[in-house]
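Peer 1:
2 protein chains.
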Amino acid sequence: MNSDLSDATQALERAAASCRERGASLTAIRREVLALLYRTPKGIKAYDLLEQMRQTRGNASPPTVYRALDFLIEQGLAHKIGRMNLFVACRHGAHSSPSLFLVCPKCNGVTELEDPDMVTSLYASLAATGHRLDSPEVEISAVCPQCVAGREAA
Amino acid sequence: MNSDLSDATQALERAAASCRERGASLTAIRREVLALLYRTPKGIKAYDLLEQMRQTRGNASPPTVYRALDFLIEQGLAHKIGRMNLFVACRHGAHSSPSLFLVCPKCNGVTELEDPDMVTSLYASLAATGHRLDSPEVEISAVCPQCVAGREAA
DNA sequence: GCAGCGATGTTATAACATCGCATATCCGCC
DNA sequence: GGCGGATATGCGATGTTATAACATCGCTGC
Ligand SMILES: [Zn+2]
Ligand SMILES: [Zn+2]
Ligand SMILES: [Zn+2]
Ligand SMILES: [Zn+2]
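From first to last, the protein sequence lines are chains A and B. Residues 1 to 154 in our numbering are what the first sequence lists, from first letter to last. Residues 1001 to 1154 in our numbering are what the second sequence lists, from first letter to last.
1. Could you tell me which residues DSSP puts in a beta bridge with A:Glu194?
2. At a CB distance below 9 Å, what residues from the stretch 72-100 of chain A approach chain B? Give them in sequence order.
3. Express the C-alpha separation of A:Ala24 and A:Ala149 in angstroms, rounding to a whole number.
4. Using the beta-carbon of each residue, which ones in chain A are nearer than 8 Å to B:Met1062?
5. Within the 9 Å Cβ cut-off, does B:Pro1105 reach chain A?
6. Can you tell me whether DSSP reads B:Leu1077 as helix, strand or coil?
7. Does the Cβ of A:Arg14 lie closer than 8 Å to at least one heavy atom of ligand 1?
8. Could you round the C-beta distance between B:Cys1090 and B:Gly1109 to whole angstroms and report it? I think they count as a contact, below 8 Å.
9. Under 8 Å by Cβ, that's how I've got A:Gly87 and A:Ile140 pegged, so tell me the actual separation to the nearest angstrom.
10. Give me, in chain order, the residues of the same chain whose beta-carbon lies closer than 7 Å to that of B:Leu1072; leave out the 5 immediate sequence neighbours on both sides.
11. Between the beta-carbon of B:Thr1129 and the beta-carbon of A:Thr111, is there less than 9 Å?
12. Determine the DSSP secondary structure at B:Arg1067, reduced to helix, strand or coil.
13. Taking only heavy atoms of ligand 4 into account, decide whether any of them is closer than 8 Å to the Cβ of B:Cys1144.
14. Sorted by chain position, which residues of the same chain lie with C-beta nearer than 8 Å to A:Tyr38's C-beta, five sequence neighbours on each side aside?
15. Within the present structure, is the beta-carbon of B:Cys1104 separated from the nearest heavy atom of ligand 4 by less than 8 Å?
16. What residue ranges within the stretch 1017-1066 of chain B form continuous alpha helix (DSSP H) runs of no fewer than 4 residues, ordered along the chain?
17. Given this structure, state the Cα-to-Cα distance separating B:Arg1014 from A:Ala16, to the nearest angstrom.
18. Can you tell me the Cβ-Cβ gap for A:Pro105 and A:Val143, rounded? I've got them flagged as a contact below 8 Å.
19. I need the straight-line Cα distance from B:Ala1124 to A:Ala127, nearest angstrom please.
20. With distances taken from CA atoms, which of B:Val1103, B:Pro1098, B:Arg1057 is nearest B:Met1084?
21. Please confirm whether B:Pro1041 and B:His1095 have their CB atoms less than 9 Å apart.
22. For A:Ser25 and chain B, any beta-carbon pair shorter than 9 Å?
23. With a threshold of 7 Å on Cβ separation, who are the neighbours of B:Cys1019 within its own chain once the five nearest residues in sequence on each side are excluded?
24. How about B:Gly964: is its C-beta nearer than 9 Å to some C-beta of chain A?
25. Does the distance from the CB of A:Ser121 to the CB of B:Asp1134 come in under 9 Å?
26. What number of angstroms, rounded off, separates the C-alpha of A:Pro145 from the C-alpha of A:Phe101?
27. For the putative contact between A:Leu50 and A:Ala60, defined by C-beta atoms under 8 Å, what is the C-beta separation to the nearest angstrom?
28. The stretch 136-149 of chain A: which residues have C-beta closer than 9 Å to a C-beta of chain B, in chain order?
29. What are the residues in the stretch 118-129 of chain A lying within 7 Å of chain B by C-beta distance?
30. Could you tell me whether the Cβ of B:Leu1102 comes closer than 9 Å to any Cβ of chain A?
Listed below in structure tokens is the structure:
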């Protein structure tokens, strides 16, 4: 049975609720963008997103999608992978602990990984040099399991 | 006394030697770009680099600098910080172990940090999910010591 | 009504990066 | 010296990613 759809719907409703709690609102545009992000778990580029948007909203323009993305990132609902100019939905409602973003150089897929031990070690390293961790996004280039196996997924 | 200059000169000569070992050649353009990277340890953008280049080489164009940067990155002499579209010289001749790149969101400065413990922990995390580390560049957003102290360096 | 405000529409442009093809330079070989 | 391939550079155009600037809409409170 089709649980993906209802999963996505539930996730959208949770997202809307968490925005409301913070006094922000998940408007129709933002909701559509977030839904598209949910549909492409490996990440999507802003202009591909724009193209998708235009299918239901002919007048969508770059600011339309960038504004929605900025909002979603502010709300912790999405992340940007700078290395690849790729945007992904956050897999963890709203996480306080940083995530590792594993970017596969073969298939360009992104995997979000939470790992408390890593983060502990990370904090220690940074503290030792006087730095303070700022964002929840740590980008790492790492070949994904599929591509390690040689299957070179799309 | 002015040891920066001779340091940079030495570094350039080491770089040239390591290129030669690999059958590559550090040509005049590439050498100039690398020298500019050495002069801006916090990282520099491609088009700022281009502007600098034009002061001594009026006909420099975007491909001029991007080609040189690609070469330097291939040779392990420079790194790209995807998050910021910033390029930095590698602080470690040619390093096999990955580095952490701490990008300060206040001053946009980049610090390259080698930390074996972190890397060990990182390998463990990745192996646990079937990933294999690919590139020597791990990007982390972290406020630098100067900015932690509130000095908001340029 | 009508200010105040957040969101959106719209146009243009800034900023970053690559392509394609011609020319030049180097180097080993005849 | 002359040739041929590989590498490097010049140069114009183009492609890709992101933001600036300004107008407008729709709601809420007064
Ligand atoms: Zn997340
Ligand atoms: Zn992959
Ligand atoms: Zn390095
Ligand atoms: Zn700083």
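Backbone N, C-alpha and C fix where the C-beta goes; we use that ideal spot for every residue, glycine too. For clarity, every value in this text was computed on a predicted model and none was experimentally measured.
Peer 2: If we stick to the structure as given:
1. Absent from the structure is residue 194 of chain A, since the part of chain A shown begins at 1 and ends at 154.
2. Lys80, Ile81, Gly82, Arg83, Met84, Asn85, Pro98, Leu100
3. 43 Å
4. First, the residue type needs correcting, since residue 1062 of chain B is Pro and not Met in the sequence shown. Simply none; closest approach about 18 Å.
5. yes
6. coil
7. no
8. Not really, about 16 Å apart at Cβ, beyond 8 Å.
9. In the sequence as displayed, the identity of residue 87 of chain A is Phe instead of Gly. About 17 Å separates the two Cβ atoms, so there is no contact after all.
10. Arg1030, Val1033, Leu1034, Ala1078
11. yes
12. helix
13. yes
14. Ala8, Ala11, Leu12, Ala89
15. yes
16. 1028-1039, 1046-1056
17. 56 Å
18. 7 Å
19. 21 Å
20. B:Val1103
21. no
22. no
23. Ser1025, Leu1026, Gln1075
24. Look at the range of chain B in this structure, 1001 to 1154, and you will see that residue 964 of chain B is not part of it.
25. no
26. 14 Å
27. 6 Å
28. Pro136, Glu137, Val138, Glu139, Ile140, Ser141, Ala142, Val143, Cys144, Pro145, Gln146, Cys147, Val148, Ala149
29. Met118, Ser121, Leu122, Ser125, Leu126, Thr129
30. yes
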